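Working notes, beginning with the structure itself.
Protein chains: 2
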Amino acid sequence: MEGARPFAGTIERLREVGLRPTRQRLALARLLFDGADRHVTAEMLHSEALTAGIKVSLATIYNTLHQFTRAGILRQVVVDPTRAYFDTNTDEHHHFFVEASGTLEDIPGERVRVTDIPAPPEGTEITRVDVIVRLKPRG
Amino acid sequence: MEGARPFAGTIERLREVGLRPTRQRLALARLLFDGADRHVTAEMLHSEALTAGIKVSLATIYNTLHQFTRAGILRQVVVDPTRAYFDTNTDEHHHFFVEASGTLEDIPGERVRVTDIPAPPEGTEITRVDVIVRLKPRG
DNA sequence: GTGTTTGCAAAGTGTTTGCAATTTA
DNA sequence: TAAATTGCAAACACTTTGCAAACAC
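Going down the list, the sequences are from chains A and B.
Quick note, the first sequence lines up with residues 216 to 354 if you use this note's numbering.
Quick note, the second sequence lines up with residues 216 to 354 if you use this note's numbering.
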């Protein structure tokens with residue numbers, strides 16, 4: 216017999232962040248977190264789920280992505296004004312983005328260094344520094 | 216009498232970048248480029264134009280913003296997945312962004328330094344490096 | 001005059017919402 | 001059973017497009 220409680224870790228993880236481990240959330244969490252870090256849009260995750268035989272509505276995909284983001288197990292990446300990308304890597308890191316193809320790729324966090332950021336405007340504080348290295352196919 | 220050819224510079228500038236200096240383009244260019252650098256959305260520029268008594272449709276605002284961007288006299292800034300911001304400052308520089316209020320502000324280019332960017336993926340080259348310093352009101 | 005630009009209204013995207021039916025605990 | 005979650009369809013916000021009328025040269 217194969218592993219007895221294959222989803223136990225995922226279930227616990229969802230519980231830990233205060234989300235009921237429903238069938239949909241479990242299935243989506245498995246797609247997102249089993250394996251390497253990934254970057255997905257709602258549409259991508261939806262069709263992937265359908266292909267995998269998971270019955271989920273697009274509305275639930277959006278809800279889930281936002282719930283996961285609020286819970287801190289996903290992070291939103293703003294690179295394209297028309298699409299919202301979500302990143303399963305929530306550590307500090309930055310991105311390569313190929314505008315032509317919509318391809319998003321991590322740059323490991325330790326490599327890029329941002330220095331000499333001036334003090335933020337009065338009454339505000341820094342929540343995050345995002346570096347986006349925009350790329351084009353070499354002609 | 217006040218300045219005799221107040222728009223002459225703007226007319227020339229549009230001609231230089233290959234755009235006919237139509238009434239609408241001229242008026243929008245004046246709103247955008249007379250004065251300090253600014254960050255606008257289509258909606259902001261549209262209502263500003265109407266307030267200033269300039270009759271322009273929203274469709275023309277969008278067309279014009281994109282034409283100006285293609286012509287290199289505007290630059291698009293991606294910070295918010297729901298809104299497209301345009302920046303009249305086309306020099307190399309980065310941004311402060313207050314998510315709560317949608318406020319976008321330049322960081323002078325020379326101050327921020329980004330180092331140790333790894334080589335981009337095979338077959339691509341860097342077009343631009345964007346740094347977005349996200350802020351929140353200090354509670 | 002000829003080609004460009006404009007404005008309208010309609011169509012398109014991607015995303016969010018209201019609410020009844022379902023599921024979880 | 002009580003509270004949370006889901007799915008659908010309708011509503012949304014922002015942006016783009018098609019095409020006839022208006023304009024620049």
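For each residue, glycine too, the CB sits at the ideal point set by N, CA and C.
Here the structure is a predicted model, which is why all the values come from computation and not from measurement.
Determine the DSSP secondary structure at residue i, reduced to helix, strand or coil.
i         : result
Arg349(B) : strand
Ile332(B) : coil
Arg245(B) : helix
Arg240(B) : helix
Leu229(B) : helix
Glu217(B) : The predicted position of Glu217(B) is uncertain, since its pLDDT is 39 and thus under 50; no value can be drawn from it.
Taking 8 Å as the threshold (C-beta atoms), are residue j and residue i in contact?
i         : j         : result
Thr256(A) : Arg298(A) : yes
His308(B) : Asp295(B) : no
Asp331(B) : Arg328(A) : yes
Leu280(B) : Tyr300(B) : no
Pro352(B) : Thr339(A) : yes
Leu241(B) : Thr266(B) : no
Arg349(B) : Glu314(B) : yes
Asp302(A) : Ile347(B) : no
Leu247(A) : Gln282(A) : no
Val292(B) : His254(B) : yes
Pro375(A) : Phe312(B) : Residue 375(A) lies beyond the stretch modelled for chain A, which goes from 216 to 354, so this question has no answer here.
Val232(B) : Ile288(B) : yes
Leu243(A) : Val271(A) : yes
Please confirm if residue i has its CB atom under 8 Å from at least one CB of chain A.
i         : result
Ala299(B) : yes
Glu217(B) : Its pLDDT being 39, under 50, Glu217(B) is placed unreliably in this model, and the coordinates cannot settle the point.
Asp295(B) : yes
Ile322(B) : yes
Arg326(B) : yes
Pro236(B) : no
Could you please give the first and the last residue of the uninterrupted beta strand (DSSP E) stretch that includes residue i?
i         : result
Asp321(B) : Thr318 to Ile322
Comparing the C-beta of residue i with each C-beta of chain B, is any distance below 8 Å?
i         : result
Val348(A) : yes
Thr330(A) : yes
Phe311(A) : yes
Val255(A) : no
Ile276(A) : no
Asp345(A) : yes
Glu340(A) : yes
Arg290(A) : no
Nearer than 7 Å: is that true of the beta carbon of residue i relative to any heavy atom of the ligand MG?
i         : result
Leu319(A) : As for the ligand MG, it is missing from this structure, which has no ligand bound.
| task | Jot down the residue ranges of each uninterrupted alpha helix (DSSP H) in the stretch 257-315 of chain B, minimum 4 residues, whole runs only, in chain order. | result | Within the stretch 257-315 of chain B, the alpha helix (DSSP H) runs of at least 4 residues that lie entirely inside it are, in chain order, 257-266 and 273-286.
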